[in-house]
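Q:
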Amino acid sequence: RNRIPGATYTEPGIGSVGLTEAQAKAAGYDVKVGKFPFMASGKASASGATEGFVKVVYDAKYGEFLGAHMIGSGVTEMIAEVVAARKLETTYHEILNAIHPHPTMSEALKEATAAAYGEAIDIGAVKRRNIHRRHDILGEHPGQRRRERNLFDSGGRERQRRAETPFGFVAVEDLKELL
Numbered sequence: 001r002n003r004i005p006g007a008t009y010t011e012p013g014i015g016s017v018g019l020t021e022a023q024a025k026a027a028g029y030d031v032k033v034g035k036f037p038f039m040a041s042g043k044a045s046a047s048g049a050t051e052g053f054v055k056v057v058y059d060a061k062y063g064e065f066l067g068a069h070m071i072g073s074g075v076t077e078m079i080a081e082v083v084a085a086r087k088l089e090t091t092y093h094e095i096l097n098a099i100h101p102h103p104t105m106s107e108a109l110k111e112a113t114a115a116a117y118g119e120a121i122d123i124g125a126v127k128r129r130n131i132h133r134r135h136d137i138l139g140e141h142p143g144q145r146r147r148e149r150n151l152f153d154s155g156g157r158e159r160q161r162r163a164e165t166p167f168g169f170v171a172v173e174d175l176k177e178l179l
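If you're matching positions, the sequence shown starts at 1 in the working numbering and goes up one per residue.
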C-alpha cells in the first residue's frame with residue numbers, strides 16, 4: 001500500500017499519504033471521512049494561518065487509517081505523523097486516544113478523526129462564524145446571503161471570485177480536486 005508521503009512546498013503547502021476518498025471507494029472500502037478546517041484551531045488563529053484543512057480517510061469496517069490529505073501552512077511537517085501511524089497500522093481509536101498538545105496545528109489530525117466518527121465539537125461553531133465573516137467581507141445583507149452562497153457553490157466565475165477573498169479555509173476548497 002502507499003505509505004510514501006507527498007509534500008508540495010507551496011504556500012499553502014500540501015501534504016498527503018495513503019488513499020484518497022475516491023481511491024478508497026474504488027478499491028471497495030466503505031469509508032469514513034473527516035475534515036477539520038484550520039480556522040477552528042486556536043493555534044492557527046493565533047499564528048494567522050487559518051487557511052487550509054486536514055482530511056482523513058478510514059475504513060468503516062475495521063477503522064484502518066487509509067490516508068490523510070492536508071492543505072495549509074506547515075502541513076509538509078505534519079504529514080510525518082500519518083506516515084508513522086500508517087506504518088504501525090494504526091486505527092482511528094489510537095489516533096483519538098493519543099494525547100496531542102493543545103493548542104497545536106498537529107491536533108487537527110485528531111480533530112479530523114473525531115469528525116469522521118461524529119465526535120467533533122468545534123466545527124459547527126466555525127461554520128456559523130464563517131457565515132458572519134462572509135457578510136463582513138462581501139458586504140452582503142442577510143437577504144442576499146443565500147443567493148450569493150448558491151452562486152458560489154455552483155462553480156464557475158463566482159467560485160473564482162470567492163477564492164480571491166480572504167474568507168479563511170473555504171478559499172482552499174478549489175484545491176480539493178487534488179485530493
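Virtual Cβ for every residue (Gly too), placed ideally from N, Cα, C.
Just the C-alpha distance for Y92 and T104, rounded to the nearest angstrom, thanks.
A: Residue numbering aside, residue 92 sits at position 92 when the sequence shown is read from its first letter. Residue numbering aside, residue 104 sits at position 104 when the sequence shown is read from its first letter. One C-alpha to the other measures close to 19 Å.
Q: What residue from V31, E119 and V56 has the CA that sits closest to M78's CA?
A: The residue given as residue 78 occupies position 78 in the sequence shown. Considering only alpha carbons, the answer is V56.
Q: Taking only three categories from DSSP, how would you classify E89?
A: Reading the sequence shown from its first residue, position 89 is the one you call residue 89. Three-state DSSP puts E89 in coil, outside helix and strand.
Q: Please state whether the Cβ-Cβ distance between G74 and V17 is less than 8 Å.
A: To locate residue 74, count along the sequence shown from 1; it is residue 74. To locate residue 17, count along the sequence shown from 1; it is residue 17. No; because the gap between Cβ atoms is not below 8 Å, this pair is not in contact.
Q: Roughly how far, in whole angstroms, is the beta-carbon of G63 from the beta-carbon of G13, given that I think they are within contact range, below 8 Å?
A: Position 63 of the sequence shown holds residue 63. Position 13 of the sequence shown holds residue 13. The pair is not a contact, with the Cβ atoms about 28 Å apart (cut-off 8 Å).
Q: At a cut of 8 Å, does the segment 21 to 33 reach the segment 46 to 54 through at least three beta carbon pairs?
A: No, the segment 21 to 33 does not touch the segment 46 to 54.
Q: Contact defined as beta carbons within less than 8 Å: I believe A112 pairs with K43. What is the distance between those atoms, to the nearest angstrom?
A: Against the sequence shown, residue 112 aligns to sequence position 112. Against the sequence shown, residue 43 aligns to sequence position 43. A112 to K43, Cβ: 15 Å. No contact.
Q: Counting along the chain, where does the beta strand (DSSP E) carrying A7 start and finish?
A: Walking along the sequence shown from the start, residue 7 turns up at place 7. Counting along the chain, the beta strand (DSSP E) containing A7 begins and ends at G6 to T8.
Q: Looking at C-alpha atoms only, which residue of A116, A108, A115 and E119 is the closest neighbour of S45?
A: Locating residue 45 in the sequence shown gives position 45, where the first residue counts as 1. Among A116, A108, A115 and E119, the Cα nearest to that of S45 is on A108.
Q: Count the other C-beta atoms from every protein chain shown that fall within 10 angstroms of the C-beta of L88, then say buried if there are 16 or more, exposed otherwise.
A: In the sequence shown, counting from the first residue as 1, residue 88 sits at position 88. L88 is exposed by the Cβ-count criterion.
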